[in-house]
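In our numbering, the protein residues as written are 2 to 256.
Ideal placement from N, C-alpha and C gives every residue a C-beta, glycine not left out.
Note that this is a predicted model, so its numbers are computed, not measured.
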Amino acid sequence: MRLHDKVAIVTGGDSGIGKAIATVMAQEGARVAIDYVGDPAPANALVDEIENFGGRACAVQADISKPDDVSRLVSETVKHFGKLDILVNNAGVEEKYPFLEMPFEVYQKVIDIDLTGPWLCSQSAAKQMVRQKTPGRIINISSVHEELTMPTNAPYCAAKGGLRMLMRTIAVELAPHGITVNNVCPGAVDTPMDEKLKQDKAQYEKLLKEIPLGRMAKPEEIASLVCYLASDEAAYITGASYVIDGGMTKKSGSL
Ligand SMILES: NC(=O)c1ccc[n+]([C@@H]2O[C@H](COP(=O)([O-])OP(=O)(O)OC[C@H]3O[C@@H](n4cnc5c(N)ncnc54)[C@H](O)[C@@H]3O)[C@@H](O)[C@H]2O)c1
Numbered sequence: 002m003r004l005h006d007k008v009a010i011v012t013g014g015d016s017g018i019g020k021a022i023a024t025v026m027a028q029e030g031a032r033v034a035i036d037y038v039g040d041p042a043p044a045n046a047l048v049d050e051i052e053n054f055g056g057r058a059c060a061v062q063a064d065i066s067k068p069d070d071v072s073r074l075v076s077e078t079v080k081h082f083g084k085l086d087i088l089v090n091n092a093g094v095e096e097k098y099p100f101l102e103m104p105f106e107v108y109q110k111v112i113d114i115d116l117t118g119p120w121l122c123s124q125s126a127a128k129q130m131v132r133q134k135t136p137g138r139i140i141n142i143s144s145v146h147e148e149l150t151m152p153t154n155a156p157y158c159a160a161k162g163g164l165r166m167l168m169r170t171i172a173v174e175l176a177p178h179g180i181t182v183n184n185v186c187p188g189a190v191d192t193p194m195d196e197k198l199k200q201d202k203a204q205y206e207k208l209l210k211e212i213p214l215g216r217m218a219k220p221e222e223i224a225s226l227v228c229y230l231a232s233d234e235a236a237y238i239t240g241a242s243y244v245i246d247g248g249m250t251k252k253s254g255s256l
């Protein structure tokens, strides 16, 4: 088991990609704190699912855009499992408006969750790892949009672009502590986030035509890469962005 004896936090771990990451990490031997915001039922159900196959997990309510919630997320994880080795900054939102019509509140909300959230979680987790004097892993679920433009989605693109430079900068600062920091950049993944798009048949067909492999990614395929980056095998990888997009960005010639 690649993550035997490790303790991980997965933010937004109760849905989509985060749920797959929490599940696969638990299958690989990690004890997993599943962060959620709002309804506790899906996170509690996932804890049961993991415990049913012999894994270990707990659910922690924390809004990652709030500093006090984030400190509590880390301290409750450590109280529960004794330490912290891996942080997966997965939680994220997007809200699409043409730039000229975008309300400021929408911009602020997306930046708070998609950029400030990973900043807060990374700082809090890294402080804990440094206190423990153990190596650590921070993995951000970014997007091909840390590089690629997407009209009507400016705050999301700004947040993911910011996450790229946040990752690179703190990778350098945290390297002396043995903490690696990397981004995973999916293209289109079959999760609730893309549900609206899938319902629009014409848009969905158009998207599939843009993907050389001809389909969206399964959340488990993203989770598999995240597990590798979280494992001891990936100890020499830091400051890097990994595109996982079925060839989409190569077709359009960007990235
Ligand atoms: N689905 C895709 O095609 C795709 C592509 C590229 C990148 N991503 C990224 O993957 C990540 C996961 O997205 P997903 O597709 O699984 O979507 P999802 O909507 O299924 O999951 C998002 C999760 O984030 C949580 N969340 C939202 N605001 C939060 C907050 N303030 N505090 C804590 N948790 C919060 C939600 O509750 C949910 O659990 C996101 O960062 C997203 O940008 C998704």
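- DSSP places PRO119 in the uninterrupted alpha helix (DSSP H) bounded by 118-133.
- Assignment of beta-bridge partners to THR181 by DSSP yields ARG138.
- Using a Cβ-Cβ distance cut-off of 8 Å, the region 98-116 and the region 39-46 are not in contact, since fewer than three pairs of beta carbons, one from each stretch, lie closer than that value.
- For ALA159, the closest alpha carbon among the candidates THR181, LYS128, GLU95 and ALA218 is that of GLU95.
- Between the alpha carbons of ALA126 and LEU85 lies a distance of about 7 Å.
- Taking C-beta atoms under 8 Å as the contact rule, TYR108 and PRO187 fail to qualify, at a distance of about 23 Å.
- By the neighbour-count definition (other C-beta atoms within 10 Å, threshold 16), MET166 is an exposed residue.
- In the DSSP assignment, ALA60 falls within the unbroken beta strand (DSSP E) covering 57-62.
- Remark: the C-beta of ASN91 is in contact range of ligand 1, defined as less than 7 Å to any heavy atom.
- In this structure, GLY14 places its C-beta atom within 8 Å of the C-beta atom of ASN91.
- Judged by DSSP in its simplified three-state form, PRO213 adopts coil rather than helix or strand.
- DSSP places TYR243 in the strand class (E or B) of the three-state scheme.
- The three-state secondary structure of LEU88, taken from DSSP, is strand.
- Taking C-alpha positions only, CYS122 is separated from ILE65 by approximately 7 Å.
- In this structure, THR78 sits away from ARG138, with a CB-CB distance that is not shorter than 8 Å.
- In the DSSP assignment, VAL11 falls within the unbroken beta strand (DSSP E) covering 8-11.
- A distance criterion of 7 Å places the beta-carbon of TYR108 beyond contact range of ligand 1, judged by its closest non-hydrogen atom.
- Relative to ligand 1, the beta carbon of GLY248 is positioned no closer than 7 Å to any heavy atom.
- Note that the region 7-23 touches the region 33-40; at least 3 beta-carbon pairs, one per stretch, sit closer than 8 Å.
- The Cβ-Cβ distance between PRO119 and ASN141 falls below 8 Å.
- Taken from the Cβ of ILE142, at least one heavy atom of ligand 1 lies inside 7 Å.
- With fewer than 16 other beta carbons inside 10 angstroms of its own, GLU196 counts as exposed.
- Of MET2, LYS210, LEU230 and GLY247, the smallest CA-CA separation from ALA218 is found for GLY247.
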